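A.B. asks: Have a look at this one.
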């Protein structure tokens, strides 16, 4: 009979809390630089979080180092909750978001890289708070759990169980046979890309503060902006929007492929089925929606720059189309135009992207493209089996046969995903939202997307939701970020059975 290793779980939560507190303290210099009175509240929040974490770790530091799969699932889920609950402290201590439900919603929206917000006047918020808000994106993007995995060997703890629970997607690719080395290299790439985007945005005309915040939000595919109008604030700076579009694309691509590109192994990228669908899908949809915007909508609905016609309208339509498609597909959630104001077909195409998601192994949320590829191949295979029922025909992905258990897992994931979406939509209607808004809020939260349709469209926010609706959306964000099984397995009776 095996018992849970409770002490190692609590010890890990303490370590997570301490790291979270350190990140909070990084926001203090921003507040000091702008001479804001909130600097004290942020400092208190950081120190409080570190103290809580230290006490949890200190009294359990001698725990046995054995770590099983069940402990891995508990640590990831509880670790994310620990991040979210302690992450509210800067908002609460400074009074920037005094309502705790709103503070928790904003926090988990940050860590889950959803980007949904309850703030109605972002530009009036203290700079230190805005930095912390963006930092929650950046922490959650790659996962502070993975960061911690990289240093766990120093404590004598193996990290494979944590990595598999944090990244439970269908791909088992590793950049390095040792999981700790994988985690370290992921963070090096993540940091390098963030810094590169920050540098380019600064050159393109952003202030250094806006550049660092948008870079963190982009690489995490989060979508929090420092501007009320999101990236639409820079509609007269096309270069800024193209830079963000490029880095959203990179962030939505499997980080393993990014690593291969940096190593000069471009052929591996070109041979990836998922990358081909991702790249050509964005390109094809951009052409279609650009055509729809130019020919079936008043061009004044799309902000244009002062280019000679017809190039000015066409470039603007193309820019907004590729930006919004990439933003939604990668679940970033930045906004340059209200796609719900485009014609019905364009809006429907945009909404369909809510159920696709980016690449496996990226910071994006959603179902993931690779799952759709395998489900489509499995469906086509069933037609062949109708004609040849005794034939053994494997599903192939990137030229390799896909094991049956992976196919079953993907099918189960999609059924569960759609079931949760439908259930969440129904509950949100009971909590006061209309049908369209309920569907939008549910799919946005579960897919970690941000802006949706209805009363939570790209020009609205989530502040008007009732308290129960905000907590439900927060739960959907959590399970969506951890890809359903990691959290929901905790609600099954057999998880808690001794074995």
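Residue numbers (my numbering): 4 to 502.
Heads up, the beta-carbon is just placed ideally off N, CA and C, and yes, glycines get one too.
Remember, it's a predicted structure, so these values are computed and weren't measured experimentally.
1. Which of the three DSSP states is assigned to residue 375 in this structure?
2. Specify, as a first and last residue, the run of the alpha helix (DSSP H) that residue 241 falls within.
3. Looking at the secondary structure, which residues open and close the alpha helix (DSSP H) in which residue 64 lies?
4. Does the beta-carbon of residue 21 have 16 or more other beta-carbons within 10 angstroms, so that it is buried, or is it exposed?
5. Which residue from 495, 423 and 7 puts its Cα closest to that of residue 480?
6. Measure the alpha-carbon distance for residue 252 versus residue 379 and round it to whole angstroms.
7. Count the other C-beta atoms from every protein chain shown that fall within 10 angstroms of the C-beta of residue 7, then say buried if there are 16 or more, exposed otherwise.
8. Relative to the C-alpha of residue 323, which residue among 334, 294 and 347 is closest?
9. Using the DSSP secondary-structure output, state which residues sit across from residue 403 in a beta bridge.
10. Give the range of the alpha helix (DSSP H) segment to which residue 213 is assigned.
11. By alpha-carbon positions, which one of 123, 100, 131 and 109 ends up nearest to residue 26?
12. Have a look at residue 17 and residue 464 and give me their C-alpha separation to the nearest angstrom.
13. How many Å lie between residue 477 and residue 98 at the Cα?
14. With burial defined as no fewer than 16 other Cβ atoms inside 10 Å of the residue's Cβ, what is the status of residue 129: buried or exposed?
15. Given residue 417, which residues of its chain have a CB within under 8 angstroms of its CB, disregarding the five upstream and five downstream residues?
16. Pull up the distance between the alpha-carbon of residue 290 and that of residue 328, whole angstroms please.
17. Could you check where the alpha helix (DSSP H) with residue 85 kicks off and where it finishes?
18. DSSP three-state label for residue 32, please.
19. Count the other C-beta atoms from every protein chain shown that fall within 10 angstroms of the C-beta of residue 402, then say buried if there are 16 or more, exposed otherwise.
20. Please work out which residues of its chain come closer than 8 angstroms, Cβ to Cβ, to residue 393, disregarding the five sequence neighbours upstream and downstream, and give them in chain order.
21. If you run the structure through DSSP and keep just helix, strand and coil, what is residue 307?
22. Per the contact definition of three or more C-beta pairs closer than 8 angstroms, is the stretch 336-345 in contact with the stretch 457-472?
23. Any contact of the stretch 382-398 with the stretch 347-362, i.e. 3+ C-beta pairs under 8 angstroms?
24. Starting from the C-beta of residue 48, find all residues in its chain whose C-beta is less than 7 angstroms away, skip the five residues before and the five after it, and write them out in chain order.
25. Expressed to the nearest angstrom, what Euclidean distance is found between the alpha-carbon atoms of residue 41 and residue 192?
26. Spatial neighbours of residue 204 within its chain, please: CB distance less than 8 angstroms, with the 5 preceding and 5 following residues excluded, ordered by chain position.
27. Counting only the same chain and skipping the five closest in sequence on each side, list residues whose C-beta sits under 6 angstroms from that of residue 118.
28. Cβ atoms of residue 334 and residue 208: under 8 angstroms apart, would you say?
29. If you measure between the beta carbons of residue 29 and residue 106, is that distance less than 8 angstroms?
30. Drop a sphere of 10 angstroms on the beta-carbon of residue 9, count the other beta-carbons inside from all chains shown, and report buried for 16 or more, exposed for fewer.
31. Would you check if the distance between the CB atom of residue 255 and the CB atom of residue 362 is smaller than 8 angstroms?
32. According to the neighbour-count rule (16 or more other Cβ atoms, all chains shown, within 10 Å of its Cβ), is residue 68 buried or exposed?
33. Starting from residue 277, follow the alpha helix (DSSP H) in both directions and report where the run begins and ends.
34. Smallest Cα separation from residue 210: which of 236, 190, 188 and 223?
35. For residue 76, which option in 488, 411 and 239 has the closest C-alpha, if you only look at C-alpha atoms?
36. Looking at the structure shown, is residue 466 part of a helix, part of a strand, or coil, going by DSSP?
C.D. replies: Reading off the structure:
1. Along the chain shown, read from residue 1 onward, the residue named residue 375 stands at position 372. Looking at residue 375 - three-state DSSP - the assignment turns out to be helix.
2. As a working note, residue 241 is residue 238 in the chain shown. Per DSSP, residue 241 belongs to the alpha helix (DSSP H) from 241-254.
3. Counting from one through the chain shown, the residue named residue 64 turns up at place 61. Segment: none, residue 64 is in no alpha helix (DSSP H) and carries neither H nor E.
4. As a position in the chain shown, residue 21 is number 18, starting the count at 1. Per the 10 Å Cβ criterion, buried.
5. Counting from one through the chain shown, the residue named residue 480 turns up at place 477. Minimum Cα distance to residue 480 is reached at 423.
6. For the purposes of this step, residue 252 is taken as residue 249 along the chain shown, with counting starting at 1. For the purposes of this step, residue 379 is taken as residue 376 along the chain shown, with counting starting at 1. Distance between the alpha carbons of residue 252 and residue 379 is about 23 angstroms.
7. Stepping through the chain shown from its first residue, residue 7 is reached at position 4. The residue is exposed, with fewer than 16 neighbouring Cβ atoms inside 10 Å.
8. For the purposes of this step, residue 323 is taken as the residue at position 320 of the chain shown. The residue with the shortest Cα to Cα distance from residue 323 is 294.
9. Working through the chain shown from its first residue, we reach residue 403 at position 400. 400, per the DSSP bridge assignment.
10. By 1-based counting over the chain shown, the position of residue 213 is 210. First-last of the alpha helix (DSSP H) with residue 213: 211-222.
11. As a working mapping, residue 26 is identified with position 23 in the chain shown. Residue 26 has its Cα closest to that of 131, out of 123, 100, 131 and 109.
12. Taking the first residue of the chain shown as position 1, residue 17 is located at position 14. Taking the first residue of the chain shown as position 1, residue 464 is located at position 461. So the alpha carbons of these two residues sit roughly 33 angstroms apart.
13. Walking along the chain shown from the start, residue 477 turns up at place 474. Walking along the chain shown from the start, residue 98 turns up at place 95. In a straight line, the C-alpha of residue 477 is about 21 angstroms away from that of residue 98.
14. Within the chain shown, residue 129 is the residue found at index 126, counting from 1. With 16 or more other Cβ atoms within 10 Å, it is buried.
15. For the purposes of this step, residue 417 is taken as the residue at position 414 of the chain shown. Excluding sequence neighbours, residue 417 sits near 370, 374 and 378.
16. In the chain shown, counting from the first residue as 1, residue 290 sits at position 287. In the chain shown, counting from the first residue as 1, residue 328 sits at position 325. Cα to Cα, residue 290 sits roughly 11 angstroms from residue 328.
17. The sequence position of residue 85 within the chain shown is 82, counting from 1. Segment 72-90, the alpha helix (DSSP H) holding residue 85.
18. What you label residue 32 is simply residue 29 of the chain shown in a count that begins at 1. The answer is helix: DSSP assigns residue 32 an H, G or I state.
19. Counting from 1 along the chain shown, the entry for residue 402 is found at position 399. Exposed is the call here.
20. Counted from its first residue, the chain shown places residue 393 at position 390. Nothing listed; no residue qualifies.
21. As a working note, residue 307 is residue 304 in the chain shown. With a pLDDT of 42 at residue 307, under the threshold of 50, the modelled position of that residue is not reliable, and the figure given next carries that caveat. Looking at residue 307 - three-state DSSP - the assignment turns out to be coil, as it is neither helix nor strand.
22. yes
23. no
24. One-based indexing of the chain shown puts residue 48 at position 45. The answer, listed in chain order, is 27, 92, 93 and 96.
25. For the purposes of this step, residue 41 is taken as residue 38 along the chain shown, with counting starting at 1. For the purposes of this step, residue 192 is taken as residue 189 along the chain shown, with counting starting at 1. Cα to Cα, the separation comes out at about 33 angstroms.
26. Reading the chain shown from its first residue, position 201 is the one you call residue 204. The residues are 213, 214, 217, 218, 243, 246 and 247.
27. Along the chain shown, one-based indexing puts residue 118 at 115. If we look at residue 118 and ignore the five residues flanking it on each side, its Cβ neighbours are 225, 226, 227, 336 and 453.
28. For the purposes of this step, residue 208 is taken as residue 205 along the chain shown, with counting starting at 1. For the purposes of this step, residue 334 is taken as residue 331 along the chain shown, with counting starting at 1. The answer is no: Cβ separation not under 8 angstroms.
29. The residue labelled residue 29 in the question sits at position 26 within the chain shown. The residue labelled residue 106 in the question sits at position 103 within the chain shown. No.
30. Here residue 9 is taken as the residue at index 6 of the chain shown, counted from 1. Looking at its Cβ environment, which holds fewer than 16 other Cβ atoms inside 10 Å, residue 9 is exposed.
31. Along the chain shown, one-based indexing puts residue 255 at 252. Along the chain shown, one-based indexing puts residue 362 at 359. Going by C-beta atoms, residue 255 is nearer than 8 angstroms to residue 362.
32. On the chain shown, residue 68 is found 65 positions in, with the first residue counted as 1. Residue 68 comes out exposed.
33. Along the chain shown, one-based indexing puts residue 277 at 274. Here the alpha helix (DSSP H) through residue 277 covers 276-299.
34. Reading the chain shown from its first residue, position 207 is the one you call residue 210. Here the closest residue by C-alpha is 236.
35. Position 73 of the chain shown, counting from 1, holds the residue named residue 76. Nearest C-alpha to residue 76: 488.
36. Position 463 of the chain shown holds residue 466. In this structure, residue 466 counts as coil in the three-state DSSP scheme.
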